[in-house]
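Position 144, counted from 1, in the sequence shown is what this note's numbering calls 1086; the numbers after and before it change by one each time, with no gaps.
The C-beta atom is built at its ideal place from N, Cα and C for all residues, glycine as well.
These notes are about the structure you will find just below.
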Amino acid sequence: MRAVTISAPGGPGKLTLSLVNLGKPGPGEVLIDVAAAGVNRADLLQRAGNYPPPAGAPEWPGLEISGTVRALGPGVTTWAPGDRVVALLEGGGYAEQVVARAAQLLPLPDGVDLVDGAALPEAVCTAWTNLVDTGRLHAGETLLVQGGSGGVGSVAIQ
Ligand SMILES: NC(=O)c1ccc[n+]([C@@H]2O[C@H](COP(=O)([O-])OP(=O)(O)OC[C@H]3O[C@@H](n4cnc5c(N)ncnc54)[C@H](OP(=O)(O)O)[C@@H]3O)[C@@H](O)[C@H]2O)c1
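Pasting the structure below:
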């Protein structure tokens, strides 16, 4: 399949289209046809050579995607081929397909298109979890967002 890989540490010009091999989904894993991938600062740090992927993750970047379930690994019962999903990844999202653990998928919410949905798993979930689930932010309260120009910060403001 095709993936956007990093030819050498550096700027945007170091991203290149390559043919790569992706393994089959193992036990508890799902194969997804990627519709769109989010772009996060961590991807840029990886491209610059300052954020290596964790052991076992694909070499090519991409921490969040949206797409359609293509195939299931052994033991997966929570998803079915054709499901529209978003997924949080350890890497590898800049590609035509990804393999992700079933627990790292969420259903694409109704009314959200596939391209917009690719930004949900990382930046949106991070902002929501911190502010609403943990921080218990309520309507009418005032919130100071530092780093408001960044990926997480701009979502937090919204
Ligand atoms: N992206 C995610 O989904 C995600 C998930 C989990 C955790 N995080 C963590 O959340 C943090 C933000 O991530 P991000 O992806 O939103 O990064 P980002 O897009 O690079 O945003 C970083 C923000 O911090 C500001 N900033 C950087 N250095 C600063 C300094 N010395 N003084 C004041 N402001 C400074 C930047 O301002 P300028 O625009 O002026 O440079 C920008 O607003 C990181 O610590 C990251 O590890 C991110």
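Beta-carbon proximity list for GLY1024, same chain, < 7 Å, skipping 5 on both sides: Correct list, in chain order: THR1010, VAL1011.
Measuring only from the beta carbon, is VAL1094 closer than 8 Å to any heavy atom that is part of ligand 1? Yes.
Contact belief for TRP1002 with ALA950 at Cβ below 8 Å, rounded distance in angstroms: Contact doesn't hold; Cβ gap of about 13 Å is too wide.
Under 9 Å, do LEU964 and ALA1022 count as touching if we go by C-beta distance? For LEU964 and ALA1022, no; Cβs fall outside 9 Å.
Relative to the C-alpha of GLY1092, which candidate in VAL1066, ALA1081, GLY1077 has its C-alpha closest? VAL1066
Have a look at the DSSP bridge pairing and note the partners of ASP975. THR1010, GLN1039
Chain-order list of residues whose beta-carbon lies under 7 Å from that of GLY991 (same chain, five-residue window excluded): PRO951
Around the Cβ of PRO967, are there at least 16 other Cβ atoms within 10 angstroms (buried) or fewer (exposed)? buried
Assign LEU1005 to one of three DSSP states: helix, strand, or coil. DSSP, reduced to helix, strand and coil, places LEU1005 outside both helices and strands of the structure shown, so it counts as coil.
Is the CB-CB distance between ILE1007 and ALA979 below 9 Å? yes
So is the beta-carbon of GLU1064 under 8 Å away from any non-hydrogen atom of ligand 1? Indeed, a heavy atom of ligand 1 lies less than 8 Å from the Cβ.
With distances taken Cα to Cα, identify the nearest neighbour of GLY1095 among ALA1013, ASN1072, ALA1081. ASN1072
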